[in-house]
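Letter by letter, the sequence shown follows residues -17 to -1, 1 to 142 of mature numbering (1 follows the signal peptide of the UniProt record, and there is no 0).
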Amino acid sequence: MRLLPAALCLLLSFAHAAAPTTPPATLAPAQEQRAVAIQRNLRCPLCDTGESIAESRSDISIKMRSSVREQIVDGRSDSEIYTFFSQRYGNFVLLDPPKTGRNLLLWSAPLLALAGGGAVLWAFLRRKGTAAPASAAQDAEPYDSYLDQVRRDTGGGPG
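#1: What is the DSSP secondary structure of serine 41, reduced to helix, strand or coil?
#2: Who does serine 128 pair with in a DSSP beta bridge?
#3: Would you report the Cα separation of leucine 130 and leucine 104, rounded to the nearest angstrom?
#4: What are the boundary residues of the alpha helix (DSSP H) that phenylalanine 67 is part of?
#5: Whole angstroms is fine: what's the gap from leucine 88's alpha carbon to alanine 20's?
#6: What does leucine 25 pair with, by DSSP beta-bridge criteria?
#7: Going by DSSP, what residues sit across from serine 35 in a beta bridge?
#8: Taking C-beta to C-beta, are isoleucine 36 and arginine 52 nearer than 8 Å?
#9: Taking only the alpha-carbon atoms, compute the straight-line gap between cysteine 27 and arginine 85 and give it to the nearest angstrom.
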(Lines of atoms letter the chains of each structure in order from A and count residues from 1; the text may use other names and numbers.)
(Lines give C-alpha, C1' and ligand atoms only; values in the text may rest on other atoms or scores of the structure.)
Protein backbone atom coordinates (compact mmCIF):
# COMPACT_ATOMS: atom_id res chain seq x y z
CA MET A 1 0.00 0.00 0.00
CA ARG A 2 2.89 2.35 0.70
CA LEU A 3 4.45 1.70 -2.67
CA LEU A 4 1.30 2.56 -4.61
CA PRO A 5 1.82 6.38 -4.58
CA ALA A 6 5.49 5.99 -5.50
CA ALA A 7 4.65 3.60 -8.33
CA LEU A 8 1.94 5.94 -9.58
CA CYS A 9 4.37 8.91 -9.61
CA LEU A 10 6.97 6.82 -11.44
CA LEU A 11 4.40 5.68 -14.01
CA LEU A 12 3.21 9.26 -14.59
CA SER A 13 6.76 10.54 -15.02
CA PHE A 14 7.46 7.86 -17.65
CA ALA A 15 4.20 8.70 -19.41
CA HIS A 16 5.13 12.39 -19.43
CA ALA A 17 8.60 11.66 -20.79
CA ALA A 18 7.21 9.39 -23.49
CA ALA A 19 4.50 11.84 -24.56
CA PRO A 20 5.03 13.09 -28.09
CA THR A 21 6.33 16.63 -28.19
CA THR A 22 6.08 18.84 -31.19
CA PRO A 23 9.42 20.24 -32.20
CA PRO A 24 9.56 24.01 -32.30
CA ALA A 25 8.96 25.57 -35.67
CA THR A 26 12.14 26.22 -37.61
CA LEU A 27 12.54 29.90 -38.34
CA ALA A 28 14.84 31.92 -40.54
CA PRO A 29 17.34 34.11 -38.64
CA ALA A 30 15.28 37.27 -39.23
CA GLN A 31 12.12 35.49 -38.05
CA GLU A 32 13.98 34.14 -35.02
CA GLN A 33 15.03 37.67 -34.03
CA ARG A 34 11.46 38.84 -34.46
CA ALA A 35 10.17 35.96 -32.31
CA VAL A 36 12.64 36.77 -29.53
CA ALA A 37 11.67 40.47 -29.64
CA ILE A 38 7.98 39.59 -29.35
CA GLN A 39 8.69 37.11 -26.54
CA ARG A 40 10.54 39.82 -24.60
CA ASN A 41 7.45 42.06 -24.82
CA LEU A 42 5.04 39.45 -23.46
CA ARG A 43 4.74 38.87 -19.70
CA CYS A 44 4.43 35.43 -18.15
CA PRO A 45 0.89 35.27 -16.72
CA LEU A 46 2.02 33.07 -13.80
CA CYS A 47 5.27 34.74 -12.76
CA ASP A 48 4.94 37.23 -9.91
CA THR A 49 8.18 38.97 -10.85
CA GLY A 50 6.94 40.28 -14.20
CA GLU A 51 9.30 38.13 -16.24
CA SER A 52 8.89 38.00 -19.97
CA ILE A 53 8.05 34.67 -21.54
CA ALA A 54 11.55 34.68 -23.07
CA GLU A 55 13.07 34.49 -19.55
CA SER A 56 10.46 32.39 -17.77
CA ARG A 57 10.71 28.62 -17.37
CA SER A 58 7.04 28.01 -16.56
CA ASP A 59 5.03 25.62 -18.71
CA ILE A 60 2.66 28.33 -19.89
CA SER A 61 5.60 30.48 -21.03
CA ILE A 62 7.00 27.57 -23.01
CA LYS A 63 3.61 27.14 -24.70
CA MET A 64 3.36 30.87 -25.36
CA ARG A 65 6.84 30.92 -26.94
CA SER A 66 5.80 28.03 -29.17
CA SER A 67 2.62 29.86 -30.10
CA VAL A 68 4.59 32.99 -31.02
CA ARG A 69 6.83 30.93 -33.29
CA GLU A 70 3.85 29.22 -34.92
CA GLN A 71 2.11 32.53 -35.55
CA ILE A 72 5.26 33.94 -37.14
CA VAL A 73 5.43 30.91 -39.43
CA ASP A 74 1.76 31.49 -40.29
CA GLY A 75 2.67 35.02 -41.41
CA ARG A 76 0.95 37.07 -38.71
CA SER A 77 2.16 40.59 -37.99
CA ASP A 78 3.51 41.68 -34.60
CA SER A 79 0.34 43.60 -33.80
CA GLU A 80 -1.81 40.57 -34.64
CA ILE A 81 0.28 38.40 -32.31
CA TYR A 82 0.05 40.97 -29.50
CA THR A 83 -3.71 41.24 -30.07
CA PHE A 84 -4.03 37.44 -29.90
CA PHE A 85 -2.33 37.28 -26.50
CA SER A 86 -4.07 40.42 -25.24
CA GLN A 87 -7.47 38.92 -26.04
CA ARG A 88 -6.52 35.67 -24.40
CA TYR A 89 -4.81 36.96 -21.22
CA GLY A 90 -5.77 40.65 -21.06
CA ASN A 91 -3.54 43.71 -21.42
CA PHE A 92 -1.62 42.50 -18.35
CA VAL A 93 0.33 40.14 -20.58
CA LEU A 94 1.78 43.04 -22.59
CA LEU A 95 4.93 44.49 -21.05
CA ASP A 96 4.32 47.66 -23.10
CA PRO A 97 0.53 48.10 -22.88
CA PRO A 98 -1.29 50.35 -25.37
CA LYS A 99 -1.46 54.01 -24.46
CA THR A 100 -5.22 54.45 -24.87
CA GLY A 101 -8.23 54.71 -22.58
CA ARG A 102 -7.51 54.12 -18.90
CA ASN A 103 -3.90 53.25 -19.72
CA LEU A 104 -3.45 56.78 -21.07
CA LEU A 105 -4.28 58.14 -17.61
CA LEU A 106 -1.73 55.78 -16.03
CA TRP A 107 0.95 56.82 -18.52
CA SER A 108 0.27 60.54 -18.08
CA ALA A 109 -0.21 60.60 -14.29
CA PRO A 110 3.52 60.94 -13.45
CA LEU A 111 3.90 63.82 -15.91
CA LEU A 112 0.82 65.56 -14.52
CA ALA A 113 2.12 65.12 -10.96
CA LEU A 114 5.51 66.54 -11.96
CA ALA A 115 3.88 69.54 -13.67
CA GLY A 116 1.62 70.15 -10.65
CA GLY A 117 4.55 69.97 -8.25
CA GLY A 118 6.53 72.38 -10.41
CA ALA A 119 3.61 74.83 -10.46
CA VAL A 120 3.28 74.69 -6.67
CA LEU A 121 7.03 75.20 -6.23
CA TRP A 122 7.03 78.11 -8.69
CA ALA A 123 4.11 79.78 -6.88
CA PHE A 124 5.79 79.26 -3.50
CA LEU A 125 9.12 80.69 -4.65
CA ARG A 126 7.45 83.62 -6.39
CA ARG A 127 5.44 84.52 -3.29
CA LYS A 128 8.48 84.16 -1.06
CA GLY A 129 10.55 86.29 -3.47
CA THR A 130 8.17 89.27 -3.21
CA ALA A 131 8.06 89.12 0.61
CA ALA A 132 11.84 88.80 1.05
CA PRO A 133 12.90 92.49 0.62
CA ALA A 134 10.57 93.73 3.37
CA SER A 135 11.85 91.26 5.90
CA ALA A 136 15.47 91.48 4.75
CA ALA A 137 16.06 94.79 6.58
CA GLN A 138 14.78 93.36 9.82
CA ASP A 139 16.63 90.10 9.46
CA ALA A 140 19.94 91.86 8.77
CA GLU A 141 20.29 92.59 12.47
CA PRO A 142 18.21 90.86 15.12
CA TYR A 143 16.44 93.08 17.65
CA ASP A 144 18.42 93.66 20.79
CA SER A 145 16.91 95.98 23.42
CA TYR A 146 20.28 96.83 24.97
CA LEU A 147 21.74 97.75 21.56
CA ASP A 148 18.65 99.82 20.84
CA GLN A 149 19.11 101.72 24.12
CA VAL A 150 22.80 102.36 23.36
CA ARG A 151 21.94 103.71 19.92
CA ARG A 152 19.33 106.08 21.36
CA ASP A 153 21.74 107.32 23.98
CA THR A 154 24.60 107.84 21.57
CA GLY A 155 22.43 109.07 18.71
CA GLY A 156 23.86 106.51 16.29
CA GLY A 157 21.79 104.46 13.93
CA PRO A 158 18.10 103.68 13.78
CA GLY A 159 16.24 103.42 16.95
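Backbone N, C-alpha and C define an ideal beta-carbon position, used for all residues, glycine too.
Since this is a predicted model, take the numbers as computed values, not measurements.
To lay it out plainly:
#1: coil
#2: BP columns for serine 128 are empty, so no partner.
#3: 39 Å
#4: 61 to 72
#5: 27 Å
#6: Leu77
#7: Arg26
#8: no
#9: 22 Å
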